[in-house]
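*Asks:* For the record, the sequence lines run as chains A and B. Mind the numbering: the first sequence is residues 1 to 146 in this note's numbering, read in order. Mind the numbering: the second sequence is residues 1001 to 1146 in this note's numbering, read in order.
Protein chains: 2
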Amino acid sequence: MQNNQFKKGELYSFITGKASTAIARNLQKKFNSAGLKVTIEQWSVLYHLWKQDGMSQQELCKATFRDKPSITRLVDNLEKLQLVKRVPSGNDRRINLVYLTRQAQRLQEEAMNLAEATLNEALEGVPPDRIDVCKEVLQIVYDNLK
Amino acid sequence: MQNNQFKKGELYSFITGKASTAIARNLQKKFNSAGLKVTIEQWSVLYHLWKQDGMSQQELCKATFRDKPSITRLVDNLEKLQLVKRVPSGNDRRINLVYLTRQAQRLQEEAMNLAEATLNEALEGVPPDRIDVCKEVLQIVYDNLK
DNA sequence: TGCATATAGTTAGTTAAACAACTAACTAAA
DNA sequence: TTTAGTTAGTTGTTTAACTAACTATATGCA
């Protein structure tokens, strides 16, 4: 145990993740301003479908670190927005494959550009090597607790 | 603009803050196992009251990075749990000062120890200087977007 | 074949976040 | 002192997270 790494007064911001909250909020505002009617959570699902269309809900769970009910709801809402479509798998009738609609495909570039812009704003003035350290630490944290 | 710091494929985990989610989830489980009947969000309010009792709701907003309705509801629930009490300010009748009950004071040590344990687990194997870099980067991110 | 077990997804219930619209109380300037 | 603007807090609505309990389908093994 590395007991003195954190003094009690410093626990808070690490645990509550205010930085990532701020990033998410900033991106949501950009979406709203641009008239993109998606939430960050919905975006996080679309993001993975843009990388690989036709994932199952289970795969989306793993990719987005969400549980099954969350994905059910998110896909419900994305279907209502006509951005994705559930298609039953031919091989295994338990499985829903989730496919992007034309409409969602058209959103990709704009949404990704806004996400990139948010990150560039967030990381303004941070040297690349420090970003790398930060990414590594956060990855270790995630792996340690998984 | 530092345009090539992030490749598009790397946006995701930074924006969605999976590390802080994992930390929060881990701490919540520790609370549950220990029979502490508080949520992480409630803990985040208690945390600041343990540092300084009798803060106003507005001050709690700033400290926890939440908006006013969120604090209203968290304090509502903490009151139901008999962990805090609203006391109208003498000087300004708009203001509620939020005070810890005896019961909440008794929770402090146990809750803080669990939070510390979570962080030690999370940061196992991460050298202290890298943690410092990480904290600095996250602080800059937060300030950049504020 | 048949049954236990695992997997994919849904539904229900509680808690919380974000936003907008609101009331009440205070402050400062005409 | 009246009015305009600000600040503190509450309420309503939508979206989402997490847990538990559920249905339906598939798989593995006796």
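No residue lacks a Cβ here, since even glycine has one placed at the ideal position from N, Cα and C.
Using three-state DSSP, classify S56/A as helix, strand or coil.
*Replies:* Strand, per DSSP.
*Asks:* Could you tell me whether the Cβ of T21/A comes closer than 8 Å to any Cβ of chain B?
*Replies:* It does: the Cβ of T21/A has a partner Cβ on chain B nearer than 8 Å.
*Asks:* Can you tell me which of Q1052/B, Q1108/B and G1125/B puts its alpha carbon nearest to the alpha carbon of W137/A?
*Replies:* Note on identity: in this sequence residue 137/A is Val, with Trp being the wrong assignment. Cα-wise, what sits closest to V137/A is G1125/B.
*Asks:* What three-state label does DSSP hand R86/A in the structure shown?
*Replies:* If DSSP states are grouped into helix, strand and coil, R86/A belongs with the strands.
*Asks:* Anything in chain A within Cβ reach of E1059/B, meaning under 9 Å, just list it in chain order.
*Replies:* By Cβ distance, chain A contributes nothing, its closest Cβ being about 15 Å from E1059/B, past 9 Å.
*Asks:* Whole angstroms is fine: what's the gap from E1079/B's alpha carbon to E1110/B's?
*Replies:* Distance between the alpha carbons of E1079/B and E1110/B is about 20 Å.
*Asks:* Using only CA atoms, which one of C1061/B, K1146/B, L1049/B and K1135/B lies nearest to K1085/B?
*Replies:* Answer by Cα proximity: L1049/B.
*Asks:* Exposed or buried, which one is S1044/B when buried takes at least 16 other CB atoms within 10 Å?
*Replies:* The residue is buried, with at least 16 neighbouring Cβ atoms inside 10 Å.
*Asks:* Of the choices R73/A, A24/A and I15/A, whose alpha-carbon is the least far from that of A115/A?
*Replies:* Among R73/A, A24/A and I15/A, the Cα nearest to that of A115/A is on A24/A.
*Asks:* Using a Cβ-Cβ cutoff of 8 Å, what residues of the stretch 111-127 of chain A are near chain B? List them in chain order.
*Replies:* Correct list: M112, A115, E116, T118, L119, N120, E121, A122, L123, E124, G125 and V126.
*Asks:* Which two residues bound the contiguous beta strand (DSSP E) that contains L1097/B?
*Replies:* L1097/B -> beta strand (DSSP E) spans N1096 to L1100.
*Asks:* Using three-state DSSP, classify D1076/B as helix, strand or coil.
*Replies:* If DSSP states are grouped into helix, strand and coil, D1076/B belongs with the helices.
*Asks:* Taking the alpha helix (DSSP H) that N1032/B belongs to, which residues open and close that run?
*Replies:* Its alpha helix (DSSP H) spans residues K1018 to S1033.
*Asks:* Should V133/A be flagged as near chain B, meaning a C-beta pair shorter than 8 Å?
*Replies:* Cβ-Cβ to chain B under 8 Å: yes for V133/A.
*Asks:* Do you know offhand how far I71/A's Cα is from Q1058/B's?
*Replies:* Using only the alpha carbons, I get a separation of about 35 Å.
*Asks:* Using a Cβ-Cβ cut-off of less than 7 Å, list which residues of the stretch 24-53 of chain A approach chain B; keep chain order.
*Replies:* Per Cβ criterion, the list reads A24, N26, L27, S44 and Y47.
*Asks:* Please name the residues in the stretch 72-90 of chain A whose beta-carbon is closer than 9 Å to at least one beta-carbon of chain B, in chain order.
*Replies:* Listed in sequence order: no entries.
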